[in-house]
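Taken in order, these protein sequences are the chains called A and B. Under the numbering used here, the final residue of the first sequence carries the number 635; numbering is consecutive throughout. Under the numbering used here, the final residue of the second sequence carries the number 472; numbering is consecutive throughout. Yeah, the Cβ is synthetic: ideal placement off N, Cα and C, and Gly gets one too. What you are looking at is a predicted structure, and each value in this text was computed from that prediction instead of being measured. Input: a single structure, listed below in structure tokens.
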Amino acid sequence: MDYAYTLWILTLPVAMFLTIGLSGDRLKSNAAGILGTAGLAVIAALSWFTAFSYFGSGLPESGFQPVIAAQTTWLAFTETLVIHLGILLDPLSVMMLVVITTVSLMVHIYSLGYMHGERGYNRYYAFLSLFTFSMLGLVVATNIFQMYIFWELVGVSSYLLIGFYYEKPSAVAAAKKAFIVTRFADLGFLIGILLLSFNTGTFDFAALNDMSGSAIAQPVTTVFMGLSVSTWAMLLIFMGGAGKSAMFPLHIWLPDAMEGPTPVSALIHAATMVVAGVYLVARLFPVYHFAAPDSLEVIAWVGSFTSLFAAVIACTQLDIKRVLAFSTLSQIGYMMVALGVSGYGDEGVGYMASLFHLFTHAFFKALLFLGAGSVIHAVHSNLMTDMGGLRKYMPLTHLTFLIACLTIAGVPPLSGFFSKDEILVAAFEHNKVIFAVQWFVAGLTAFYMFRLYFNIFWNSDPHYHHTPHESPPTMTGPLLFLAAASVLAGFVPFHDFVTTDGKPLETEFHTLVAVPSVLIGLAGIALAWWMYARKNSRPESVAQTLHGLYSAAFRKFYIDELYLFITHQLIFRFISRPVAWFDRHIVDGTMNLIGNTTVSVSVAIKKMQSGELQWYIWYFTSGVLVLTLILLYLN
Amino acid sequence: MNWDQLFFLRHEILLSLLIVFELVADLSDSSARQSLVNTTIVLFAGLTVAGFIPLANEASLFGGMYASDDLRILLKNILNVSTLVFLLQSAGWLNQSQNSYKTGSFYLLLFSTLLGMYLMICAGDFIMLYLGLELATIPLTLLAAYDHNLRRSAEAGIKLLMSSAVSSAVMLFGLSLMYGIYGSLHFSEMSQQGAMGGSLGVLALTFFIAGLGFKLSLVPFHLWTADVYEGSPLPVTMYFSVVSKGAALFTLMLVLYRVFGQFTGVWSLLSYALAVLTMLIGNLFALRQKNLKRFMAFSSITQAGFMMLGFVNPEALGMNTIIYFMLIYSFSNLAVFGVLSIIHNRYGKEQIEDLNGFYKTNPGLSLILLLALFSLAGIPPVAGFFGKFFLFTAAASRGLYFLVLIAVLNATISLYYYLLVVKAMFINPNDQPLPAVTLTGAERLALVLCVLGIVVIGFMSSIYGYIQTVVG
């Protein structure tokens, strides 16, 4: 099979970026949008074609094998340490190609409507192309060095996209925060790469993941501060992944990054960039599993904590995009948990489940963001207090949003149910505590998503200045497509395709896990309904007629009020608010403190640069002498 | 006299001829001066090209005082290319009416310093090296004071003169101690003997490094940098930060790796300390600068700290990465200064806030500046990233992960202030941004060369491969 054509998947977005970016205002806005979208359609078609020919060629005896579609030696650093640039196709990267290009195409189409008439429309499409290019380059990288280059490029292009509304100071600050925080995480990544490559003598994923290669067969067991060097290397690499994937405590940039245009959030903060960390761990999974099992344990706990932490915060947010941002954190936490608890080969359910969830999450979370964008477009506000009753005005948005909410809540037979269920199964077999946490988070997820849903589409009408109306077909089209994908993605026989060793995996259906997880999801939905669907000044029309009996009974016994008391007074006040406060003031504050300290040290030493020559000479000579003394002492 | 020697000396001879030409041109009437800028650029371009002609290079002349080999020729060629770009970028400034009468003498002084740098690089003993160093420094003080009607320019000249006198004295002291220890100042004789002199040897070596560290603006020898950079005319600042710094770096490298091989323990340790100090102090000061020239001064100090990372690795890998980094740094810095001097020549502005909204009116120039700043910050895929990455690898291969950690942290801090400039151009609102500029041919050519350098060097592995073979 010749896959050389996959080179076009990388070259086309660059060509589009250069064409749209350099033509400036000479290109009409509409033309830029259509050109970008058409280009991306071609890329998506190519990716799908690649997927079909890769998976469709029939399963080889030894499982799906990685294929190097194109490769050129870029640099021979030493004789063994050679850096290549190339395209690697394996189940993981092919799956990512499909996800990225599909979601990106939907975002491109959607933006035709959403960004219509915005200033800098061309710039927007140029940056989108750049981002798509970087992300695609990241997933097809044949070696960790190439991946790092594209990794940083992803950071740069997302910086440009988040800061798109540069008139807004908050957007600018958010863009900078995202860039610097992820860069900070990347310093761990870079040192991890150096450690790993120097101990193994290679950058190539194929050699690193090779069972008899030095990374796995001869891990460096020298202990440094209680952990082996190999574990340190893999943990440092994970630090980079945790930055991009916004794992606690490096998550602080993601909620702020919601300042960017909503379709950008759908692309970057749902389907692509934020899952780069998951992708990174999955890419090096054999090394993690065999050479540094301790670090997998860390990953599982970090993921679990993040998913709980973020879900709790999501319950308190009023800005609908922030709810989605925290929800994303929580869902990525799930993926990390699954990787952390996974075994290899026949026991690799967690690995498969993690990527399966990545796959389904991309669709339903992009759908949620785009749906939120559609709502924001109609209401001109991000706050759910300004919304309500929108189901009458925006039937399509309402329908698709509902589907997405049901999917993320894990209601069968929607895709989210299947992927989340696999994760819970994997966690159940590995660690009961983590399982319990994830099970509880599943309930929280359903609760906060439906809190969002009811507040937007049900509840009472606020007084709209203009009657909200349904978005144009360029926006509802992608919504419908993604809704269909969210429904159907669960039926993809994922375990036949993407597994740790390329061979199909037998999965069983665990009633013991599936039933409770569905139940807690439904309970969450019901709770949300109790609290938000009817909490309004309107006579209890819809809600009452549907559930009149229930509510009457419950109200009579003041269970409703009791519940409100428990949730609002106890849980919110004593758990959620403190957690949110901790996040904003302590975690965020620590990062700020590091920055502020740097600045204050800088102020403190400014006297050194007095402008007076005699002092310069004094520093010079005393500097020489002090250095000499130190050297003599050390020798 | 063996005529072959003329070929080995081709850089020096051609440059000397150019100096004589400038002297004559400066004495001639003013009408000839009008075209002097263009003529000089063309002549120097010829010299640059001639430097690349492959000829036999191994030689030792004048009783071993002058040495030539492939590596030295490469280093001189790198300086030539930087100087050529510099000449293109300074043309606009020299053509301004208030400067045109001193064009000839400007070039005269400039090429004298370059000749001094050639001699530093090609020195075969410390006497020649010192001679070259002084020739490279004293005319520079005049250039720093070139805007002689400006008080701050005069101040820059005096400060440079005084402090470089001190640094020369310290260095000479070190060299005389060396002579006392070894009984010779010839590189070949010194390198053949083992480490001698004990503590005295360490003292002598430190004094020598301090002398070149001064030119490289390593902390704590850097204090002149900000004042001189700010006070000097902008093209001179550019020359300081690229060509002069490059020459000092190359000389230090040649001497440490080739002559003081027996002292590696001492100087790699010293480089460790200097790298940490320089990166940190440079960064901390750069954070608060508002003036672009001062900002670039501290930025160049920080970059010098990164260069010292290469020195902690006393193997060939260290040299490779140092040369590679300097090459990339030259192009990046020239690009930044190129854009700044275009702005400065037109509008006389040099504060960061003057760049507010620059992207709206000058998208092309803003993008070039963005690219150059990203390269300095070390963001992939521009070349600066590769330069830094290789330096990190050089340090990491010695197992100095703590140093690498500090370096990567500093790279992150530096990203912050480079982004401040980017933010000013692209994001800060401004009702009256600097109007759009039309570039002259020379400026355009210079920027094209810089951008090519920034983009291509990272991806043309043959360049790094070539450096590797030359270093051997």
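Item, Value
"For B/Val37, which residues in chain A fall below 9 Å Cβ to Cβ?", "Neighbours of B/Val37 on chain A: none; closest Cβ ~31 Å, over 9 Å."
"Pick from A/Phe131, A/Phe450, A/His357 and A/Ala185: whose alpha carbon is nearest that of A/Trp530?", "A/Phe450"
"On the criterion of 16 or more Cβ atoms from any shown chain inside 10 Å, does B/Asp4 qualify as buried, or is it exposed?", "exposed"
"On the CB-based measure, 16 or more other CB atoms within 10 Å of its CB, does B/Trp93 come out buried or exposed?", "buried"
"Which residues in the same chain as A/Phe454 place their Cβ atom closer than 7 Å to its Cβ, once the five residues preceding and following it in sequence are excluded?", "Ala528, Trp529, Tyr532 and Ala533"
"State buried or exposed for B/Ile343, treating a residue as buried only when at least 16 other CB atoms are found within 10 Å of its CB.", "buried"
"Buried or exposed: which applies to B/Met253, given that a residue is buried once 16 or more other Cβ atoms fall within 10 Å of its Cβ?", "buried"
"So, at 6 Å on beta carbons, what are the nonlocal neighbours of A/Arg391 in its own chain, with the 5 sequence-adjacent residues on each side left out?", "His398 and Phe457"
"With 8 Å as the C-beta to C-beta threshold (strictly closer), list the residues of the segment 161 to 185 of chain A near chain B in chain order.", "Gly163, Tyr166, Glu167, Val172, Lys176, Phe179, Ile180, Arg183 and Phe184"
"Establish whether the CB of B/Asp227 and some CB of chain A are separated by less than 8 Å.", "yes"
"Could you have a look at A/Val492 and say whether DSSP puts it in helix, strand or coil?", "coil"
"Select from A/Met394, A/Ser381 and A/Ala372 the residue whose C-alpha is nearest the C-alpha of A/Thr405.", "Sequence check: residue 405 of chain A is Cys here, not Thr. Nearest of A/Met394, A/Ser381 and A/Ala372 to A/Cys405, Cα basis: A/Ala372."
"Can you give me the start and stop residues for the alpha helix (DSSP H) that B/Ser60 sits inside?", "Element bounds for B/Ser60: not the alpha helix (DSSP H) but the beta strand (DSSP E), Ala59 to Leu61."
"Kindly provide the ranges of any alpha helix (DSSP H) runs that are 4 or more residues long and lie completely inside the segment 190 to 232 of chain B, ordered along the chain.", "199 to 216 and 224 to 231"
"Does the CB of A/Leu190 have a neighbour CB from chain B at under 8 Å?", "yes"
"Pull up the distance between the alpha-carbon of A/Leu546 and that of A/Thr499, whole angstroms please.", "With a pLDDT of 41 at A/Leu546, under the threshold of 50, the modelled position of that residue is not reliable, and no figure is offered here."
"Looking only at its own chain, which residues have a Cβ that is under 6 Å from the Cβ of B/Phe214, when we skip the five neighbours before and after it?", "Ser167 and Phe221"
"In chain order, what residues of the same chain have a beta carbon less than 8 Å from the beta carbon of B/Leu6, not counting five sequence neighbours either side?", "Ile13"
"Strictly below 9 Å CB to CB, what residues from chain A border B/Phe392?", "Leu190, Ile191 and Leu194"
"Against chain B, with Cβ distances strictly below 8 Å, would A/Leu549 count as a contact?", "Summary for A/Leu549: the model assigns pLDDT 40, below 50, so the residue's position carries little reliability; its value from the coordinates is reported in the next sentence. Judged by the 8 Å Cβ criterion, A/Leu549 is not in contact with chain B."
"For chain B, check one thing: does any of its Cβ atoms lie closer than 8 Å to the Cβ of A/Val264?", "no"
"Measure from the alpha carbon of A/Thr37 to the alpha carbon of each residue in A/Leu358, A/Ser157, A/Phe17 and A/Ile332, then state which is nearest.", "A/Phe17"
"Beta-carbon within less than 6 Å of A/Val323's beta-carbon, same chain only, minus the 5 sequence neighbours each way: which residues are those?", "Ala314, Gln317 and Leu452"
"Flag this pair as touching only if the segment 288 to 298 of chain A and the segment 239 to 258 of chain A have three or more C-beta atom pairs under 8 Å; answer yes or no.", "no"
"Check whether chain B comes within 8 Å of A/Glu259, counting only Cβ atoms and requiring the distance to be less than that.", "no"
"The alpha helix (DSSP H) spanning A/Ser419 covers which residue range?", "Ser415 to His430"
"Report the partner residues of A/Asp186 according to the DSSP bridge assignment.", "DSSP, once it has assigned bridges, lists no residue as partnering A/Asp186."
"List the residues of chain A whose Cβ lies closer than 7 Å to the Cβ of B/Ser199, in chain order.", "Leu632"
"Going by DSSP, which residues form a beta bridge with B/Asn291?", "B/Gln351"
"Let me see if you follow: with CB-CB separation under 8 Å, is B/Asn284 close to chain A or not?", "Per the sequence shown, the amino acid found at residue 284 of chain B is Leu instead of Asn. Yes, its Cβ sits closer than 8 Å to a Cβ of chain A."
"Sort out for me which residues DSSP pairs A/Asn143 with in a bridge.", "A/Asp204"
"Reducing DSSP to helix, strand and coil, say where A/Ser228 ends up.", "strand"
"Could you tell me whether the Cβ of B/Pro220 comes closer than 8 Å to any Cβ of chain A?", "yes"
"How about B/Met326: is its C-beta nearer than 8 Å to some C-beta of chain A?", "no"
"Output yes or no for whether 8 Å exceeds the beta carbon distance between A/Tyr125 and A/Pro478.", "no"
"With a threshold of 8 Å between beta-carbons, can B/Met162 be considered close to chain A, or not?", "yes"
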